[in-house]
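These notes are about the structure you will find just below.
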Amino acid sequence: MHLCPVRRSAERQRRTLLGTEVFASTPDFADHVNNFASAAVDLVKVYGSGATAVRALDGVTVGFRPAAFSAIMGPSGSGKSTLMHCLAGLDTATSGAALLGGKDLTRLPDNALTKVRRDRIGFVFQAFNLLPALTARQNVLLPLALAGRHVDKAWFAQLVEALGLSSRLSHRPSEMSGGQQQRVALARALVTRPEVVFADEPTGNLDSRSSADVLKLLRQAVREFGQTIVMVTHDDRAASYADAVVHMVDGRVVQAVAA
Ligand SMILES: Nc1ncnc2c1ncn2[C@@H]1O[C@H](COP(=O)(O)OP(=O)(O)OP(=O)(O)O)[C@@H](O)[C@H]1O
Ligand SMILES: [Mg+2]
1 MHLCPVRRSA ERQRRTLLGT EVFASTPDFA DHVNNFASAA VDLVKVYGSG
51 ATAVRALDGV TVGFRPAAFS AIMGPSGSGK STLMHCLAGL DTATSGAALL
101 GGKDLTRLPD NALTKVRRDR IGFVFQAFNL LPALTARQNV LLPLALAGRH
151 VDKAWFAQLV EALGLSSRLS HRPSEMSGGQ QQRVALARAL VTRPEVVFAD
201 EPTGNLDSRS SADVLKLLRQ AVREFGQTIV MVTHDDRAAS YADAVVHMVD
251 GRVVQAVAA
């Protein structure tokens, strides 16, 4: 496997400007860690133990730029979701560091980690994960309600408008299409203005039209609001909306390409 070493070349600067970088070694990376919104340093995740142990992440060192749209691709089982869950503090790593804004989440006690997830990270899942008893408006505002934070009404209105949800706010998830539900999930992830939005196959359950709508909105959030987005996808077309694409195979990052 060949990873690009850190060097002051035009190619490196291009990568640096556009998105994601892969580093040859952890010491190289250490000097640059603070430049990334989210980063993994020699991250290892082993599920189980003994003969049945699975090494889902096998020493991943990669950084995701702020205000960029990065995609993670790779075959099923290559560790994409595991990497994202560790970076988002949803899962614990076996060793290595998972950094948010240069701070290692793996060293935080549980209560601090809960707060980080609530206040600094947004999630979008393939299965939408909306609460069925709540309306679209209540679902979008839930993270703020849970955090006891006030609603920035102008921001909420802007999101609802941009996501085309104005006429759906009093509907429950069962009364909305898949595309509409995913847009509600997107609004819920963006409403807190998180440092990073992690999206795990957000268009996996959508038809091509709804998919394109969601991807355009993600792109728009990066361009207009400076949002940082890291998205796992199987779909080349979805990845084409990203500034940079990281490829994983067998728990390792094998390539990072600036779009
Ligand atoms: N909770 C778990 N317990 C045991 N093994 C797990 C667990 N979660 C994931 N794995 C294993 O870790 C490896 C990486 O899984 P992961 O879900 O990260 O893959 P992925 O790249 O997201 O795949 P997909 O594209 O199918 O979603 C796989 O071999 C998987 O079987
Ligand atoms: Mg997955």
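Using full-length UniProt numbering, read the sequence shown as starting at 1 and increasing by one per residue. All residues carry an ideal CB built from backbone N, CA and C; glycine is no exception. Small disclaimer: the values here were computed from a predicted structure and weren't measured.
Secondary structure of residue i, DSSP reduced to three states
i	result
MET73	strand
PHE64	strand
ALA242	coil
SER95	strand
GLU224	helix
GLY204	coil
MET84	helix
ASP119	helix
ALA39	strand
GLN126	coil
LEU141	helix
ALA24	Confidence in ALA24 is poor, its pLDDT being 44 and thus under 50, which makes the residue's placement too unreliable to answer from.
ALA199	strand
Minimum C-alpha distance to residue i - residue among the options
i	options	result
VAL116	PHE125, CYS86, THR82	CYS86
LEU163	GLY122, GLN182, ALA147	GLN182
GLY204	GLN126, ALA258, ALA187	GLN126
VAL33	ALA145, GLY77, LYS103, PRO143	LYS103
ARG118	ALA244, SER95, ARG149	ARG149
ALA88	ALA212, VAL124, ALA53	VAL124
Distance cut-off 7 Å: residue i Cβ against heavy atoms of ligand 2
i	result
VAL253	no
VAL60	no
VAL245	no
VAL230	no
ASP200	yes
(request) Decide if the region 170-178 is in contact with the region 148-162; the criterion is three or more beta carbon pairs, one per stretch, under 8 Å apart. (result) no
(message) Which residues neighbour ligand 1 when neighbourhood means a C-beta less than 6 Å away from any of its non-hydrogen atoms? List them by chain order.
(response) TYR47, GLY48, VAL54, ALA56, GLY74, SER76, GLY77, SER78, GLY79, LYS80, SER81, THR82
(request) Please determine if the region 44-63 and the region 219-228 are in contact, where contact requires at least 3 C-beta pairs separated by less than 8 Å. (result) no
(message) Under 8 Å, with one C-beta from each stretch per pair, do the region 68-85 and the region 221-233 reach the 3-pair mark?
(response) yes
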